[in-house]
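Heads up, the thing below is written out as structure tokens.
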Amino acid sequence: MNKSWIAVSSESDFPIQNIPFGMVKNGNSWFAASRIGDYAINLAVLQEKGYLKGLSLPDGVFEKQYLNDFIALGKPVTNKVRERIQSIFEENSKNGLRENTVHRNKIMKDVKAIEMSLPVQIGDYTDFYSSEQHAFNVGCMFRDPDNALMPNWKHLPVGYHGRSSSIVISGTDFHRPKGQQKPSPNDPPVFGPCKLLDFELEMGFIVGKGTELGESISTANASDHIFGLCVFNDWS
């Protein structure tokens, strides 16, 4: 397994094989970043200093507020960027960044000294009802164990639209959902914040390549459309 010249703990989630993409807020400006070990990699400066030459990247693509313009370049380009970042920070790299203290200090930032921002501008959000255990438990609440799963549940991916405007990054304060409640069977319902709050640990898929109206995406070409994955916490 390749290693990086950046020291990375064996327990780190960010070895050189990962190379995630995110957005970092710096005052009133933003820059795209990756991460290796405990360092955020400033991709805007990496491009500015010439380390990403030849990758068909528009000028300033890593200085936007969101990654959308970068994602829109397509998987052939974004995959090449990941590969280039890996080669730059690979243990036996000969590109010169390791020895260039000035460039290194501008490109590598301690993750404790940066503020992460929402990585993409979210235009739509589809929530999939795909965990059998979860669907069974919910079905038991509304029906009974013998009829918990609807007959077609195992034959199609159940998806429904969520409210994309309510998606925020980790650490953001949020309001308890409000709705109707019926404290007493003999009294009318009341409206207010929920008394109980559930969380669902989910996986989010960032879809970058769009489709035409009526066009479907098969499992065979799904990877062409999925830019990346993230951990998603669904409060309800």
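Numbering-wise (the numbering used here), the sequence shown opens with residue 153 and increments by one.
Backbone N, C-alpha and C define an ideal beta-carbon position, used for all residues, glycine too.
Endpoints, the alpha helix (DSSP H) within which residue i is located
| i | result |
| --- | --- |
| ASN178 | Note, ASN178: premise wrong, no alpha helix (DSSP H); beta strand (DSSP E) at 174 to 178. |
| ALA287 | 284 to 294 |
| GLU200 | 195 to 200 |
| GLU267 | Not the alpha helix (DSSP H): GLU267 falls in the beta strand (DSSP E), residues 267 to 269. |
| ASN220 | 220 to 223 |
| LYS227 | 227 to 241 |
Extent of the continuous beta strand (DSSP E) to which residue i belongs
| i | result |
| --- | --- |
| ARG187 | 181 to 188 |
As assigned by DSSP and simplified to three states, the class of residue i
| i | result |
| --- | --- |
| ALA300 | coil |
| HIS327 | coil |
| LYS306 | helix |
| ASN338 | coil |
Identified DSSP bridge partners for residue i
| i | result |
| --- | --- |
| LEU353 | ASN385 |
| TYR191 | ILE188, ASP262 |
| VAL320 | The partner list for VAL320 (beta bridge, DSSP) is empty, contrary to what the question assumes. |
| ASP279 | TYR312 |
| PHE343 | GLN332 |
| GLU251 | DSSP lists no partner for GLU251. |
| ILE378 | VAL359 |
| SER392 | Missing from the structure shown is residue 392; the chain here goes from 153 to 388 and no further. |
| SER161 | Answer is none; SER161 lacks a bridge partner. |
| SER156 | GLU242 |
Member of the options whose CA lies at the smallest distance from the CA of residue i
| i | options | result |
| --- | --- | --- |
| THR363 | TYR312, ALA185, LEU195, ALA374 | ALA374 |
| ALA184 | HIS255, PHE280, ASP165, VAL233 | VAL233 |
| VAL342 | LEU301, SER336, GLN332, ASP350 | GLN332 |
| ILE378 | ALA224, GLY344, PHE280 | ALA224 |
| CYS346 | TYR281, CYS382, TRP387 | TRP387 |
| GLU243 | ILE369, GLN169, SER322 | GLN169 |
| GLY248 | GLY212, TRP157, SER317 | TRP157 |
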